[in-house]
Each structure stands twice: as structure tokens, then as C-alpha cells.
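Here's the structure we're looking at; comments come further down.
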Amino acid sequence: MYEASGPISNRRNPRFSASFRTLLIVRWLLIALGIATFRTTPAALAATPPDPVPCLQAFYEVRTWLDQGRFPRLDAPESRIEIPGSSAVGVMLRLDGRVVGRGLDPAADALAVRRAAGRALSQALGDRVIRTLPDSVRDSAGSRLALEIEFAGMPRPIVASSLGSVAGRIRPGIDGIVLKRGDRLAIAMPGRLLATGTADATGSTLLRLVDELGLPPRDLEELRGIDSLELARFETMRLGQSDVDAEPGVRLRSGDVIEAGSLDPGRLEDLQAGLNARLLRWRPPVDPRENAPGDGTRPWFGDFDPIANRHVPLESSLRDRLLATWALAASGEQTIGPDDLVVPDDQDLDAEIADLGLLASLALGDEDRIEAWLAAARRLPAGDDPPALARRAAALIGVPAPGVTDQQAHAAHDDAWEACRSVSDILAGFDWLGIAEARLAARMENIPSPRAVSLRAIRDALLARQIDDGDDAGGIPLLGDDRRSIDARNLRPMLGMAVLTGLPGEDEAGTARGRNGLSGLLRLLEQLMMSEEEAGDLAGGRMGLDGIADSLANPRQSLSSTARASLILDHLLRLERPLQNP
1223 MYEASGPISN RRNPRFSASF RTLLIVRWLL IALGIATFRT TPAALAATPP DPVPCLQAFY
1283 EVRTWLDQGR FPRLDAPESR IEIPGSSAVG VMLRLDGRVV GRGLDPAADA LAVRRAAGRA
1343 LSQALGDRVI RTLPDSVRDS AGSRLALEIE FAGMPRPIVA SSLGSVAGRI RPGIDGIVLK
1403 RGDRLAIAMP GRLLATGTAD ATGSTLLRLV DELGLPPRDL EELRGIDSLE LARFETMRLG
1463 QSDVDAEPGV RLRSGDVIEA GSLDPGRLED LQAGLNARLL RWRPPVDPRE NAPGDGTRPW
1523 FGDFDPIANR HVPLESSLRD RLLATWALAA SGEQTIGPDD LVVPDDQDLD AEIADLGLLA
1583 SLALGDEDRI EAWLAAARRL PAGDDPPALA RRAAALIGVP APGVTDQQAH AAHDDAWEAC
1643 RSVSDILAGF DWLGIAEARL AARMENIPSP RAVSLRAIRD ALLARQIDDG DDAGGIPLLG
1703 DDRRSIDARN LRPMLGMAVL TGLPGEDEAG TARGRNGLSG LLRLLEQLMM SEEEAGDLAG
1763 GRMGLDGIAD SLANPRQSLS STARASLILD HLLRLERPLQ NP
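Count along the sequence shown starting at 1, add 1222, and that's the number in the working numbering.
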């Protein structure tokens, strides 16, 4: 039987020989300098993770224990691993990307690594898959499990009057949280939160920790009336491997930090190819529905959770399906055809669906579908909501005469702007207003309307708030100065900016501002795309590869965000190709 304790031989895993490990430690010293640079922000200076070199050495020790199938006894010298500056240790074991074992030790002593690793292994051996294996296979189960170890740095106190204030100071997926009540501790490690998809639910995490300390779900003032309560945050050094044979590396919340780059057409094409390949995986090769219509059409799966490896809901909404169809048609994807754009019955239609169907049909260039969706849009008024009127304008203005005359195009454009009574209204429909402006200019011999000046002013105001450091560099906080709002929602203003930057009539300085801003936002877009490394850490990683995450701390993917990212790349490629081939 697989032993969780007992004597251990001096044999080292041949995958990690002494010379190889020495070379890696030198490499890690260089990596550590990069980590320090990434984390040198005002919020990070107060809390730093442990030094990576002893952490790496500890990783190799645990990896060897797993591969040999024997852990040292707790009282054996081999169990003692000193990690200076570490306040807690968390261990996770994965089988094919699925976490099967977790162990946490909140002590800051030399046995913390051994205890945490032993707890993780014990849990893994009880996993529903592993426990049913033959004894001969189960005995070597540890050698088949990918390893991740997270070392908590020393905690730094948080002075706050409410749990909401505490949550606002926590960077999801970067900061860990510790609550102390007397001699009792409750700890949340960021790596574990990322692995469970709860890293961006800081408020819920705080309430869970409060519950672990035996306290009721109350705010800080009431809790401190019950007992003394201390709160602190810490950073971690998180080391992991994508599979058992992989070299360990630093794990960050959204993979390696992408470097800023130019709007190079080759790079843009590669990114769009990855996004489109991901969109196509959202469609099953065979219709899985009971009583499938048998007309050759296939549904689209719903939003994807790569942690649980499932789609929720199973089938996407018609809105998201049409947005994805529009994106693929715009990029020339050959698998999209008229059958993907059949107008549904009126009970399944609304104004938004009609507009998206029309936009997708225009991208496909199918005249029959354009005519059918235009008729549907005319039966369903957009109402008086500013973003809805902007979306309707973007759809109608793209229809050439005689389907939509120039006079009707101008009227739709005017209706959209007249509904905007504040800057907030313009921001809410910025992407649609940008598309409408570009399509109106295309009808008017590339002469933008006077409204283009207002859109560019909004763009410049947004770009003035663009972040230039951290893994969210290039992003724009959409909720005040809260960097937690830098997520997939940035794609909507980015789409508007991509369209605007290609419009004539702007001076060189304005064009340069737009292009620089788009370069930063493109870096964020790529950061949100699931990398090979991230895919290896998740049960549904292969399905989710290159999809757009909801946020840097939440790998869940919505079909609409990935489709919108592909549309952005399509506009950027149109912008760059004329510069490449004048």
C-alpha cells in the first residue's frame, strides 16, 4: 500500500538531478527578479512573498517523496524544511488538471511543508477515481499527480472598519487573507481560491473565514463586540507544474505576464486564429440534443467553466450564438453559412436578437438573410434605451440602399445620439456608437459625422485612466479607481476604440493616442486568453484554450466575450493591413 510516512532513501528522482536542479535554481534567481518587478506596486510593497530559492528546494523534496511513494516520518530529519519568511504552506495535487488533494498548514515551523503535503496526499488517495484503482497502481499514485505548493509570506495587518473595506484592499488571486481570533487562525490561500473559482468572491471568502472562527455572519464592528478579531493579508510564492514531468514554474493568477507589444499584423492574426478556434469548439461536432431537428444545424454550448469542465447553461442563448456567428463570419470562417442565420419565430425574437442577426448576416454577406433580419428588426422597435438605439443604428446603417437609404441611416444615427443625455449614456453604448459612426462614414465617402469628435474625447478620457503596471497593465478601471473592474468588460470600450482609430479626420497625435491605448488593451486581451500553462492546471483546460476569461482571477469563459475579442481583432487587422501594404 502507498505509504504516507516511513523511511526514505537517498535516491533522487532522475528527472531532477542535482546538476539540473542547480541550473534551475540559477534560473530561478533571474525569475525572482522578474517577480519582484511585477509586484512592485504601492499595494504590494507592504507584503512580499518568501524567497523563491528555498521554496523551489522544498518543491523538489515533496516531488521526490511523491515519486518514491514514501514520505518521511514527522520525527525524521528529512521532514524538516526551513522556509524563511513563510507563515503557512498549502499543497495541491492534480490528476489530469483536476485537484484531487489539498493540504494546508498554518504553522510557520520546519514541519509545515511535510504536514501540508501529507494531508494533500491522504485526501488524494481517497479521491473517487484513485481509490478504485488496483493496489499496484494506487501504490504509485503520487508519481502520477502534478504538484503545486504555495508558500505564504508574513501577514500584514489590515486596518478597516468593515468587511467591505477589507475586500476592497484584497487583490483577487494575488493576496491571501488571514483572520485571527485569540489563538485560532482562518486562512484563505489565493492559489486555492483560484483553483476553486472563488478568488474574485472576496466578500464570500471573508464570511467563510469568519464562520471558521465560530463567529456569526456580521460586519466587523459587531464581530469585534463579540471578541477580538485581527485581519491581515499576505502574498504567496506559488510553484507548480502542468504535469508530473514538467519543470516547476511560478504560478500567477492569469499565467505568465504578457509583455506589451505592437499591433503587428502577424501577432493579430495568431490571436484571432486562437480565438476563432476556441469559438468553433463551442459548437459540438454532433447535435447532442434529444429530438434534434435533423436539419444539419448545431447548437452552441453555453458559457464554460474550465474548473468543473462543464457548460452552464448547456446551450447558449440565441443572443450569444448570433454574436459568435457574427464574429466568425466577419473573419471569413467557412463553416458559417445561411443555415446558422435562420430567423426564429416571433415568440423567440426581440429587438436585440434582431439587431445581432442583422449584423451577423451583413458580415456573412447573404442577401436573403439580410433582408429577412432587416424585416424582423423593423417589426421590433429598439425602444428608448440609449445602448439599444446605438445598437440598432449600428445594424441599420450597415445595410446598403435600397434596403436602408442614406436618409434612414442618418435618422438612425441621430436617434441614437439624441437618446444620450449624459456622458454615462455615451459610455454605455460606446462600442455600438463607434460601429454606427464608422458605418455611416463608409456610406458618406469616408467622411465622419461631427459626432466622431465626441467619441474621440470619450476615448481619450478613458485612456487617461489606463493602467501601466502589473498583470492588468493596459486595462482601464471601469468602476472608479478599482482595478478589480479591469476584466472582460474592458472589451466593449476596446471594440469602440478599434473602430474609431480607423476613421479618417483625426490628427497624428490623436491617432497615436488611440493606437498606443489599443496596444495596451491588446496586451490585456491576450492576458485574459487561456494559455497552455493555465490549461494544464484545469480539468477543462484543453476545451478552454485561448478563450477569454471573465477576469484575471476567474477562468470562466463566456461565449460573448470570446466572440467580442474576435471582432476586435478583425477591426485591428483592417486597421493595420493598409499600413503594412499601402
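All residues carry an ideal CB built from backbone N, CA and C; glycine is no exception.
- Given that a residue counts as buried once 16 or more other Cβ atoms are within 10 Å of its Cβ, and exposed if not, what is Ser1387? Its Cβ having fewer than 16 others within 10 Å, Ser1387 is exposed.
- Query: Nearest to Glu1372 by alpha carbon, out of Ala1514, Leu1474, Ser1741?
  - Reply: Nearest C-alpha to Glu1372: Leu1474.
- Item | Presumed contact (8 Å Cβ cut-off) between Glu1370 and Gly1462, rounded CB distance | The Cβ separation is near 3 Å, so the contact holds.
- Task: Give the DSSP-derived three-state secondary structure of Leu1252 in the structure shown.
- Result: Bear in mind that the predicted position of Leu1252 carries a pLDDT of just 43, short of 50, making it unreliable; the figure below should be weighed with that in mind. Helix, per DSSP.
- Among residues of its own chain, excluding the 5 on either side of Arg1337, which ones have a beta-carbon nearer than 6 Å to its beta-carbon? So the qualifying residues of the chain are Asp1327.
- Item | Beta-bridge partners of Asp1636, as assigned by DSSP | Its beta-bridge partners do not exist; DSSP assigns none.
- Are there 16 or more other CB atoms within 10 angstroms of the CB of Ile1669, so buried, or fewer, so exposed? Exposed, since its Cβ has fewer than 16 Cβ neighbours within 10 Å.
- Item | Exposure label - Leu1296; buried when at least 16 CB within 10 Å | By the 16-neighbour rule on beta-carbons within 10 angstroms, Leu1296 is exposed.
- State the CB to CB distance for the pair Ala1771 and Leu1740, rounded to an integer number of angstroms; the pair is presumed to be in contact (CB under 8 Å). The C-beta distance from Ala1771 to Leu1740 rounds to 20 Å, too long to fall under 8 Å, and the pair is not in contact.
- Going straight from the alpha carbon of His1793 to that of Pro1506, what length do you get? Pairing His1793 with Pro1506, the inter-Cα distance amounts to about 28 Å.
- Message: Strictly by DSSP, which residues pair up with Met1459?
- Response: Beta-bridge analysis with DSSP links Met1459 to Phe1373.
- Query: Roughly how many angstroms separate the alpha carbons of Gly1447 and Arg1440, rounded to a whole number?
  - Reply: The straight-line gap from Cα to Cα measures roughly 10 Å.
- Message: Quick check on DSSP: helix, strand or coil for Arg1261?
- Response: Model confidence at Arg1261 stands at a pLDDT of 49, short of 50, so the residue's coordinates are unreliable and nothing is read from them.
- Item | Buried or exposed by the 16-neighbour rule on C-beta atoms within 10 Å, applied to Asp1467 | Under a 10 Å Cβ-count criterion, Asp1467 is classified as exposed, with fewer than 16 other Cβ atoms of the shown protein chains found around its own Cβ.
- Nearest-angstrom Cα separation, counted from Ala1785 out to Val1565: One C-alpha to the other measures close to 20 Å.
- Query: Across which residues does DSSP place Met1314 in a beta bridge pair?
  - Reply: Its beta-bridge partners are Arg1324, Glu1370.
- Host beta strand (DSSP E) of Asp1772 (start-end): Its beta strand (DSSP E) spans residues 1771-1773.
- Nearest to Ser1383 (by Cα), restricted to the options Leu1442, Arg1341, Glu1754, Leu1415: In terms of Cα proximity to Ser1383, the closest of Leu1442, Arg1341, Glu1754, Leu1415 is Leu1442.
- Message: Measuring only the C-alpha atoms, how far is Leu1545 from Ala1576?
- Response: Each residue's alpha carbon lies about 11 Å from the other.
- Item | Contacting residues, own chain, Cβ-Cβ under 7 Å from Pro1377 (five flanking each side not counted) | Closer than 7 Å at the Cβ level, and outside the excluded window around Pro1377, lie Ser1309, Val1400, Ala1454, Arg1455, Phe1456.
- Query: The beta strand (DSSP E) with Ile1399 in it runs from where to where?
  - Reply: Residues 1397-1403.
- Query: What are the complete alpha helix (DSSP H) segments, minimum 4 residues, inside the segment 1431-1510?
  - Reply: Listed in chain order, they are 1442-1448, 1487-1503.
- Task: Identify, in the order they occur along the chain, each residue of the same chain with its Cβ nearer than 6 Å to the Cβ of Glu1798, setting aside the five sequence neighbours on each side.
- Result: For Glu1798, where only same-chain residues beyond five positions count, the Cβ hits under 6 Å are Leu1485, Pro1487.
- Query: Thr1458 to Ser1644, Cα distance in whole Å?
  - Reply: Roughly 44 Å between the two C-alpha positions.
- Mark Ala1641 as exposed unless 16 or more other C-beta atoms lie within 10 angstroms of its C-beta, in which case mark it buried. By the 10 Å Cβ count, Ala1641 comes out buried.
- Query: Of all the options Asp1691, Arg1591, Ala1582, which has the alpha carbon lying nearest to the alpha carbon of Arg1613?
  - Reply: If we check each option's Cα against that of Arg1613, Ala1582 comes out closest.
- Alpha-carbon to alpha-carbon, Leu1584 and Gly1559: Near 12 Å, if we compare the C-alpha coordinates of Leu1584 and Gly1559.
- If you draw a straight line from the alpha carbon of Met1765 to that of Gln1779, how long is it in whole angstroms? Each residue's alpha carbon lies about 11 Å from the other.
- Cα-Cα separation between Pro1622 and Ser1426, rounded to whole angstroms: Near 51 Å, if we compare the C-alpha coordinates of Ser1426 and Pro1622.
- Check each candidate in Arg1665, Ala1660, Val1359 and name the one with the smallest Cα separation from Leu1674. The question names Leu, but residue 1674 in the sequence shown is Ala. Nearest C-alpha to Ala1674: Ala1660.
- Using the C-alpha atoms, what's the distance from Asp1647 back to His1632? A straight-line Cα-Cα distance of about 20 Å links His1632 and Asp1647.
- Message: Relative to the C-alpha of Phe1281, which candidate in Pro1271, Thr1270, Gly1312 has its C-alpha closest?
- Response: For Phe1281, the nearest C-alpha among the options comes from Gly1312.
- Message: With H, G and I counted as helix, E and B as strand and the rest as coil, what does DSSP make of Asn1513?
- Response: Asn1513 falls in the coil class under three-state DSSP.
- Item | Span of the alpha helix (DSSP H), counted from its first residue to its last, around Ala1761 | Membership of Ala1761 in any alpha helix (DSSP H) is not indicated, and neither H nor E is assigned to it by DSSP.
- Query: When the cut-off is 8 Å and only beta carbons count, does Leu1367 lie next to chain E?
  - Reply: This model lacks chain E altogether; it includes just one protein chain.
- DSSP on Asp1776, reduced to helix/strand/coil? The residue you asked about is not Asp; residue 1776 is Asn in the sequence shown. Asn1776 falls in the strand class under three-state DSSP.
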